[in-house]
Structure formats: C-alpha cells, structure tokens
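Chains as they are written, first to last, in this note's numbering: chain A, 4 to 159; chain B, 4 to 159; chain C, 4 to 159; chain D, 4 to 159. Cβ coordinates follow ideal geometry from the N, Cα and C atoms, glycine included. Report on the structure given below.
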C-alpha cells in the first residue's frame, strides 16, 4: 500500500534523495560508507540536513534526526516548528520495515514539532553504479510514534 | 477508573512507596528536595532502584529509569529482562496525567524488556509531615508507549 | 597577555564574529536570546557552524561544538580532521575566564582532531545596538584540555 | 613506579577487587563477558558500585563511573562529594596505559568531587580459573584530568 505524500512532503523526499546521492558520492570518494540521513522541513519552508554522527565512545553519538533539527535551530531559532522529517537508512536488501526514529529523537521531534508533524521512513541500496531508493516508504505522525509524551510537571 | 495490578506489580508499587519515603527523608534531612524515582522488577524477582540524576551540564543527566536498569545489569548481567517499571514523580498537587518515561527511557526499557513489560506511573505529594501517594495511577505496556520501535538493520 | 593567532585561526575567528552577529540578529528578531556558538575549521579549509541546542528534557541537549563537528562529518565524512575550534559565549559583563568545551566535547574534539588541534575561547556582550566581542581570548590545544585521553582497549 | 595509596584509597581498591570477582562470576555463569567497573568512595565513607551499561542504540549507554555516582546521589543526595574513584578495565594482556575516565565522566566527577578527588585506574585479566589484577595502577586528581573545567556563566 503506497503512502500518500502532501506536496511539502514530496518536496522534502525529493530533496532527500538528491542530497543523499551527493553526500554518499563524497563519502565513497574518501573511502567512507553509506549512512542514515535525516532531513527536516521547517514551517519556514526551509530544509535542514543531518547524518548519523558516530563517535568511538558511543554515548556521545548523535542521530541524524537531531543533527538536522539542531541545524534548524541554529539557522532559525527555537521558534520554528518541524513540519515533516524524512529518514533514509541504507540497507543491504529491501527490509520489511523501514528504520523509525529512536526514542530520543521522538521526544526531540515532539518538542520541536506539533502532534501532527509527519515522519517518512525509507530505505536505499548501494548499487554498483550509484544508489537506488526502495519505492515503499512508511509515514507516521509523531503522535503515533510517541503516544502519551513525557511532560514536565509545572511547579509554578 | 482504577488500574488493575498483578501481584508482582503490586509488590513493586509497595516497594516503591516505602523506598521513596526512606530516600526522601534522607534528602530532606540534608536540605535536598524530592525527586522522580523509578524501580524495576527483573524477571529474577529482584528489584532495583533509581533516582533522577541531574548534572549542571545537562546533557550528562540520567533519568531514574535508566539508573535503575543500569543497576539491574550491574547486579544481574544483560540476560535479565524487565518485568515491570514503576515511576513516581513529585507533584505540587494532583495532576491530570502522571509522568511517563521519556523517549530515551522507552527505547532502553524496550531493549531490556519484552513488548509486554508494564510501566506504572504515579504521583506523590510532600505533606507537612511526610509524603502521600495519589491513589490514581496509570499503566501501559512498553509496546503501547514505544510503537514501531527502532530496529537496527542487520548487514550479516 | 594577548594570545597569538595563526592565519587560519584568525580566519576562523573572523568568520565566527560575523556569523554570530548574523545568527543573533535572526534570534533577536524572533524574540530569541543569545547563545553559545562554536565553529570548526576542517583540514579541508572549510568552516562549519554550530549553536548550543537545548531541549526541555535536558539529557538530549547538544553542545555547539558537537553540532559544528557533526556538520563537518555530514559534509566531509569521518576522514576530516579539526584544525581549530572557536567558541564564543554570551556574557552579561566581561568574565575573568572564558567558557571552555565541556568534557564530552573534549573527547569528541580529541577523536576528530589531532593532539595539537587548537581551541580558542572568547566572550561577547549584547549592546543596545548590536554585539561586542571582548578582545581577551584564551587558546589551548586539545592535548592540554584532555590529558591522558580515554583509549578503548584493543582486543584483536 | 608504584603509586602511593592513602588508607581510604586502599580500602576502595580492596572493595573493587572483591566486587569485580563477585560480579564477573555472575556474568560468566550467565554467559556474559567481563566489563569495565567503577567504584566511588563518598565523603560519607560509603562505597557505590557501577558497571558499564551498554545499549544497542549506543547514545543511551552510560559509563560505569556515572552509574556509580548516580547510586551515590540516589542513596545520599546531591550534597555528597566523591573522595576517590577506582576504575578497573578488563584487558587481554597488560597494557602500557590503563583506561582513564572519558570526557563526560570527567565533568561529572568534577561536579560531584573536589579538585583533589583522586582517580585510580587499573587493569584486570581473565584467567582460566578466576581473574587477576595487574599490580601496576595509575593515579590522578580530577584537576589533572580535567584542567580549565567548563563553568557555566552566571547571569544573576
């Protein structure tokens, strides 16, 4: 069952596919490997990119989603809201399920989005001569992925 | 609507209430304030305690749930599974909703539990002369709070 | 005692001052406040920007230094090395000491730099009509700030 | 060159060696592997244990040092101060240098210790029939490992 994308979501997916090929070409040229990328569309209409940032001492690693959102805040301030997040994870072959945001990213998307912020999850494969995107994608609202969110108790 | 607790869950809630009063007395005696506590019941039948661990440089802080689970792993190894988690958050007055685990704790409970691991969320109030637990509690399975969990793609 | 800057370090400081004014103008226009910014100069000659990324649930926050380094890795791969990091922290009045990178950022700068990667720490003040940079800055190598670094034991 | 241990430090090292053997026996019995352990001696005279807590989604992992300190805070409140930290890391054979705390742990030890809080770093080896501790250990003050600490700027 194909998901339906809004015009804005389609714009973000199109941007993501182009950017991933550009970034992966650079990585490959330097001997690096493919990675998970995330892209966020702000309510300003602008797009921000992120890639998984892995550190040897693992607790310092940062997921691609949060790198992209940090870039939105850097360029736009905390007032911006995420409209949509797109994630593409490299896979050795088509997987039944696409990678969804981790729990930490869900709480951050919740804080910087609205309950109806959408999350689109896809997969891509390295070919001999480029990269191919699996047509099947999944789409969720953050409300679906982070039900009954943690809320800080107010003491004032 | 009162939630139904299994015998094991009731045992963990009873432990939690007693431990919170003990810990809070110590905190108060030293000029400290109440905090959020979490308790986990391992499938070994043993209980582990945790309190919110807040650092001035905030990104190093650790939620109570993860302190308790780290203690389970310290004392029992990674083979143990969480049966139930109980969380009690201090509140100035009864809140409509109790605090649920944050996104990061959801992913960790998922990893160290089963889809049916239960999470019981309650509130407590500081009185002039002690602490009182709000009768109303909420109960979830981790599957409900962390749907469509992140799964690492296997490359082997 | 004034610190000596290399040509590359001066270039990064100049970039930092210009970027901070640009970002802060945007923040102020939207009702936001000044923040700590970090900038890294890669051995490729390119510069990457970061700002402190603070989340209500604090353990998910990311320091400006790591946002900037994540951007270097996003755009250049893990093969790049940090030549210099510049940090400017907003202050209400000139402080005796400038803010240095936190412990987590020290380990990440260590991993993505060389022992002689330099770190330049400065302060800035909001004026009625703009921002002013305190002339006094501090300069360290990462080796000075992160002596006897943690090294993972090799088992192969 | 052998390090000199105070009476309190020797007490903590003795506790550490005994605890590591106890924990590792449990781990081995359940098919687990050795891990890095940390122990802290509070200024109350009490000792708290921690083991490295590794999560598949690595950014949620917690170092042994911070698990031990979180336990000190759980049991004693934020008023306590760390007197000494002991770390023992498993090694396949004697290493020239012992594992030191990571940058994140340095900032946390700094916050919950004094500049002269000591850190003792050792190694241990799994034998066919038990575990052996390498006689050589290293000893630092946190001031030596975390010079020019990050300090939050005060705005009041």
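So what does DSSP say about residue i, is it helix, strand or coil?
i                     : result
residue 143 (chain B) : strand
residue 60 (chain A)  : coil
residue 73 (chain A)  : helix
residue 107 (chain C) : helix
residue 137 (chain C) : coil
residue 97 (chain D)  : coil
residue 16 (chain B)  : helix
residue 149 (chain A) : coil
residue 92 (chain B)  : strand
residue 81 (chain D)  : coil
residue 50 (chain D)  : strand
residue 6 (chain B)   : coil
residue 65 (chain A)  : strand
residue 123 (chain A) : strand
residue 23 (chain D)  : helix
residue 128 (chain A) : strand
Name the chain G residues that come within less than 8 Å of residue i, Cβ to Cβ?
i                    : result
residue 61 (chain A) : The structure shown contains no chain G; the protein chains it does contain are A, B, C and D.
Taking 7 Å as the CB-CB cut-off, is residue i touching chain D?
i                     : result
residue 105 (chain A) : yes
residue 54 (chain B)  : yes
residue 70 (chain C)  : no
residue 158 (chain C) : yes
residue 95 (chain C)  : yes
residue 135 (chain B) : no
Residue i touches chain B at which residues, Cβ-Cβ below 9 Å?
i                    : result
residue 84 (chain D) : Result: empty, since nearest Cβ-Cβ is about 12 Å, beyond 9 Å.
residue 40 (chain A) : Those within 9 Å of residue 40 (chain A) in chain B number zero; the least Cβ separation is about 14 Å.
Is residue i close to chain C? Criterion is C-beta to C-beta, closer than 7 Å.
i                    : result
residue 81 (chain D) : no
So which residues of chain C does residue i contact, with C-beta pairs closer than 8 Å?
i                     : result
residue 77 (chain A)  : 26, 52, 53, 54, 56 and 70
residue 150 (chain D) : 147, 148 and 150
Residue i versus chain D: which residues are under 8 Å apart at the beta carbon?
i                     : result
residue 92 (chain C)  : 156
residue 73 (chain B)  : 53, 54, 56, 65, 70 and 73
residue 153 (chain B) : 60
Using a Cβ cut-off of 7 Å (strictly closer), state whether residue i contacts chain A.
i                    : result
residue 48 (chain C) : no
How would you list, in chain order, the residues of chain B whose beta-carbon sits under 7 Å from the beta-carbon of residue i?
i                    : result
residue 99 (chain A) : Within chain B, no residue comes near residue 99 (chain A); the closest Cβ sits about 10 Å away, beyond 7 Å.
Leaving aside the five residues before and after residue i along the sequence, list all residues of the same chain whose C-beta is less than 6 Å from its C-beta, in chain order.
i                     : result
residue 39 (chain B)  : 55, 67 and 92
residue 152 (chain C) : 113
residue 143 (chain B) : 122
residue 137 (chain D) : 97 and 126
Between which residues of its own chain and residue i is the CB-CB distance below 7 Å, once the five residues before and five after are set aside?
i                     : result
residue 149 (chain C) : 109, 110 and 113
residue 8 (chain C)   : 16
residue 18 (chain C)  : 42 and 50
Can you name, in chain order, every residue of its own chain whose Cβ lies under 8 Å from the Cβ of residue i, other than the five neighbours on each side?
i                    : result
residue 84 (chain C) : 45, 46, 115, 116, 117 and 120
residue 96 (chain D) : 128
residue 71 (chain C) : 41, 42, 43, 51, 52, 53 and 88
Inset, instruction - With 9 Å as the C-beta to C-beta threshold (strictly closer), list the residues of the segment 102 to 128 of chain C near chain A in chain order. - result: Closer than 9 Å at the C-beta level to chain A, one finds these residues of the segment 102 to 128 of chain C: 107, 108, 110, 111, 114 and 115.
Inset, instruction - For the segment 20 to 33 of chain B, enumerate the residues whose C-beta is nearer than 8 Å to any C-beta of chain D, in chain order. - result: 26, 29, 30 and 33
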